[in-house]
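Q:
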Amino acid sequence: MSFLIRVQLPDSPGSLGAVASALGIVDADILSVDVVERSGGVAVDDLVVDLPAGSLPDALITAAESVEGVVVDAVRPYAGVLDTHRELELVEEIAGSPKEGLTLLADGVPRIIRSGWALVVGHRDNEVVRLAASSAAPEAPITELPWLPLERATILDAEDDWIPSTWRELGTELAATPLGKPDRALLVGRPGGPQFRAAEVARLAHLAGIVSVVLDG
C-alpha cells in the first residue's frame, strides 16, 4: 500500500538521504519526493512510499523520526498519481474544453496539490452555490461563506462556524483562492491534514490565476 508522508527536516546535505536510509530499514520503497517548502534552514518534503503487506504506517513515523532533526507532520494513504507538476497539462485540458473548465479544475487540483477534494464555490442571489466539485468532495451543505469575496489565496481557519460539522470531525484543513471573479473561489480540503503550507497556497493561487484567464478570456 502507498502512503504519503510529510516530513520536516534540516535543509542540509545528507538529511534526505538519511531519511531514505531509515525508511529502507522498515522496507519502505520511496516512489517519489516533492519539495513543498524551504525556509529558515528547514525543508518540508512529501514522500510517497510503498509498504509491504502487513506493515503498519506507524513504522514510517518511527523510522523517519529516528533521524536527528526530523519531524513527521502526517502520514496518510495515498492513491494519487506520482507526477506532481501537472499544472500545464491541466490548463491545456481546460483550454480545450472551456465549457467543462470548472469541473476539470475541481477534478485536477487534488492531484496537483495532494488535497482530498476541491470545490468551486460562489454566491448567487445571496446564496452559496457549488459551481463544480471533485469526485471525492463532501456532500454536506454549505450555508454561508463569510470569507467571500476573497482578495487573495489564504489558509482558512478549520474551526470557523461556517464549516460543516462533518468536516471538523475529520480534522479537515482548508485553503481557498479567488478564481477570477470576486464572488467565486476554489476551495480545497485535506481531511486529517497536514496543514497547507504557504508554498502550496501560492501554487494554488498561481494555478487559479492562469485558469481564470483561460475561462474568462
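Counting in this note's numbering, the sequence shown runs from 207 upward without gaps. Quick reminder that beta carbons are idealized off the backbone N, C-alpha and C, glycines included. Just so you know, these numbers come straight off a predicted model, no measurement behind them.
Among Arg336, Pro216 and Arg390, which has the Cα closest to the Cα of Trp353?
A: Nearest option by C-alpha distance: Arg390.
Q: Measure the CB-CB distance between Ser321 and Val239 and report whether it falls below 8 Å.
A: For Ser321 and Val239, no; Cβs fall outside 8 Å.
Q: List the DSSP bridge partners of Ala214.
A: Before going further, note that residue 214 is Gln rather than Ala in the sequence given. Beta-bridge pairing links Gln214 to Val250 and Val277.
Q: To the nearest whole angstrom, what separates the beta carbons of Asp264 and Arg244, a pair I think is in contact under 8 Å?
A: The pair is not a contact, with the Cβ atoms about 27 Å apart (cut-off 8 Å).
Q: Specify the secondary structure class of Ala390 as computed by DSSP and reduced to three states.
A: For clarity, residue 390 is Arg in the given sequence; the question names Ala instead. If DSSP states are grouped into helix, strand and coil, Arg390 belongs with the strands.
Q: Going by Cα to Cα distance, which pick from Gln214, Ala312, Leu296 and Leu210 is closest to Leu257?
A: Answer by Cα proximity: Leu210.
Q: Quick check on the DSSP output: what are the complete alpha helix (DSSP H) runs of length 4 or more inside the region 301-350, in order along the chain?
A: With a minimum length of 4 residues, the continuous alpha helix (DSSP H) runs that stay inside the region 301-350 are 307-319.
Q: Quick one: Cα of Ala270 to Cα of Val250, how far?
A: Going by the C-alpha atoms only, they are around 13 Å apart.
Q: Is there contact here, the region 292-305 with the region 406-418, by at least three beta-carbon pairs under 8 Å?
A: Yes: at least three Cβ pairs fall under 8 Å.
Q: Need the endpoints of the beta strand (DSSP E) that Ile267 sits in, please.
A: Careful: Ile267 lies outside any beta strand (DSSP E), inside the alpha helix (DSSP H) at Asp264 to Ala270.
Q: Within 10 angstroms of its Cβ, does Ala382 collect 16 or more other Cβ (buried), or is it exposed?
A: So Ala382 counts as buried.
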